[in-house]
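First comes the structure, then the notes that go with it.
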Amino acid sequence: MARADPATIVLMSTMLFQLLIGTGRRAKAAMDNNLEGCVFLYGAVLGSVAIRGPQDGSWLVAGLCISLCIIRLFHLYFYLSGLSTKRSITYTFTGPVVIAMMIVNVVDAST
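Oh and the sequence shown: position 53 is 53 in the UniProt record's numbering, straight run, nothing missing.
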């Protein structure tokens, strides 16, 4: 079985995205947007595990990660609904939560 080169895959993905209309296009864009935020969530979780160990993770980081997931779910809902103002407000809350997760990890590392 022949494998497609990465350039062909990117081209096909772009062509398929151009075929999407309405909610399908919005859903694809929302998913891409959510994938961009996953890096911070993974970084906070891995940082907490690396600093405190897998058996003694930070409850505060865990709570912040859950709140980040809830905020991102609201963001996804508002994105799919076309409610740009509410989407922007939920996105604004993402930043402080991510910063708080990183600060908690740094404080845990210094103690």
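For glycine and all other residues, C-beta sits at the position ideal for the given N, C-alpha and C. What you are looking at is a predicted structure, and each value in this text was computed from that prediction instead of being measured.
> Closest to T90 by CA distance: which of L76, C65, D108 is it?
Replying inline: L76
>> Using 8 Å as the cut-off, can you tell me whether the region 16 to 30 makes contact with the region 47 to 65, which would need three or more C-beta pairs spanning the two stretches below that distance?
In response: With a cut-off of 8 Å, the region 47 to 65 and the region 16 to 30 do not count as touching, because too few Cβ pairs lie within range.
> From G95 to A7, what distance separates their C-alpha atoms?
Replying inline: 33 Å
> In whole angstroms, what is the alpha-carbon distance linking G43 and S81?
Replying inline: 29 Å
> What residue does the alpha helix (DSSP H) around R52 start on, and which one ends it?
Replying inline: It spans 22 to 52 - the alpha helix (DSSP H) in which R52 sits, taken as one unbroken run.
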